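Asker:
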Amino acid sequence: MSLHRALTGRVVIATHNAGKLREMQELLAPFGIEAVSAGALGLPVPDETGHMFAENAAIKAHAAAKATGLPALSDDSGLCVDALDGAPGLFTADWAGPNKDFYAAMERVMRELEKREAPDRRAHFVSALVIAWPDGHEELFEGRVFGQVVWPPRGDKGFGYDPMFQPDGFAETFGEISSDEKHGIDWSKPQPSGLSHRARAFVKLAAGCLHRV
Numbered sequence: 023m024s025l026h027r028a029l030t031g032r033v034v035i036a037t038h039n040a041g042k043l044r045e046m047q048e049l050l051a052p053f054g055i056e057a058v059s060a061g062a063l064g065l066p067v068p069d070e071t072g073h074m075f076a077e078n079a080a081i082k083a084h085a086a087a088k089a090t091g092l093p094a095l096s097d098d099s100g101l102c103v104d105a106l107d108g109a110p111g112l113f114t115a116d117w118a119g120p121n122k123d124f125y126a127a128m129e130r131v132m133r134e135l136e137k138r139e140a141p142d143r144r145a146h147f148v149s150a151l152v153i154a155w156p157d158g159h160e161e162l163f164e165g166r167v168f169g170q171v172v173w174p175p176r177g178d179k180g181f182g183y184d185p186m187f188q189p190d191g192f193a194e195t196f197g198e199i200s201s202d203e204k205h206g207i208d209w210s211k212p213q214p215s216g217l218s219h220r221a222r223a224f225v226k227l228a229a230g231c232l233h234r235v
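Numbering of the sequence shown is given in our numbering, commencing with residue 23 and proceeding in unit increments.
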C-alpha cells in the first residue's frame, strides 16, 4: 500500500515564473491534471525564508493551498556552483535582480569565478517539488542533475541559467536542448527517468502521487 496521497483533479502551480509553469504543465499533461498558476490567480508571492530548497518549496505550496482551497505544487530550484561554495543556490533567482535579468546573473557567476581564479567549473541544479493540500498534508520529492557551467552562454531555449549549464554526457547546454530532450520522460520504461533536475524529481512524484490516464 502506498504511503503517499494521490493527486487528482485541479492543482495550483505555486509560481509566477512562466518558464517553470510551462515545464510543470508539460510534465503533468499525461496524468489528466488541470494546472493553473498562482500568478494567473493573482496570489501574492510569499516570503521565502527557508534555509533549504525543500523549505522554500513548502512555504510556497502551503501558501497557495491555503489561499485557494486546492492542492498546490511548488518547485524551488537553483544552480549550485562548486567553486562558489554552492552559490547562487537558494539565491539563484535573486541574482537576476528585480527585472529577472538572467544574463546579468550568468555574468555574475563568471565574475565570481574569475575573482576566485577558480578553474573548477563543476555545478549542479537542484529541484525540490512539494505538493501541499489545504489540510496541511505535504509530499516532498527532490532531483539533481550534474554538469558544468560554460561561458559564453549558448542557446535560447529553456529559461534562467539554462544557456550556461552543460549537463554531464552532453555537448549542448540546457539552452540548446529541446524541451522534450531536457525533461521528456519515457513512461513506457520500467524505471522512467528524465534529464533535468525537475524531471528527475517529477519521476519520483509521479511514482508516489499520480496515475496516468
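Even glycine gets a Cβ: it sits at the ideal position worked out from N, Cα and C. Because the structure is a prediction, the values reported are computed rather than measured.
When you compare only the Cα positions, how much space is there between E161 and M74?
Answerer: Approximately 15 Å between the Cα atoms of the pair.
Asker: Quick check on S210: does DSSP put it in helix, strand or coil?
Answerer: Three-state DSSP puts S210 in coil, outside helix and strand.
Asker: Could you tell me if T37 is buried or exposed, where buried requires 16 or more neighbouring beta carbons within 10 angstroms of its beta carbon?
Answerer: T37 should be labelled buried.
Asker: Using the Cβ count rule (16 or more neighbours within 10 Å means buried), how would you classify D157?
Answerer: Classification of D157: exposed, given that the 10 Å Cβ count is below 16.
Asker: Taking DSSP as the reference, what is the three-state secondary structure of V234?
Answerer: It is worth fixing the name first, because residue 234 is Arg in this sequence and not Val. Of the three classes helix, strand and coil, the one that applies to R234 here is coil, per DSSP.
Asker: When DSSP labels each residue in this structure, what does A223 get in the three-state scheme?
Answerer: Correct three-state label for A223: helix.
Asker: Excluding the 5 residues flanking A127 on each side, which residues of the same chain have their C-beta closer than 6 Å to its C-beta?
Answerer: The answer, listed in chain order, is W117, A118.
Asker: Where does H159 fall in DSSP's three states?
Answerer: Correct three-state label for H159: coil.
Asker: Tell whether a beta-carbon distance below 8 Å holds between K226 and G180.
Answerer: No.
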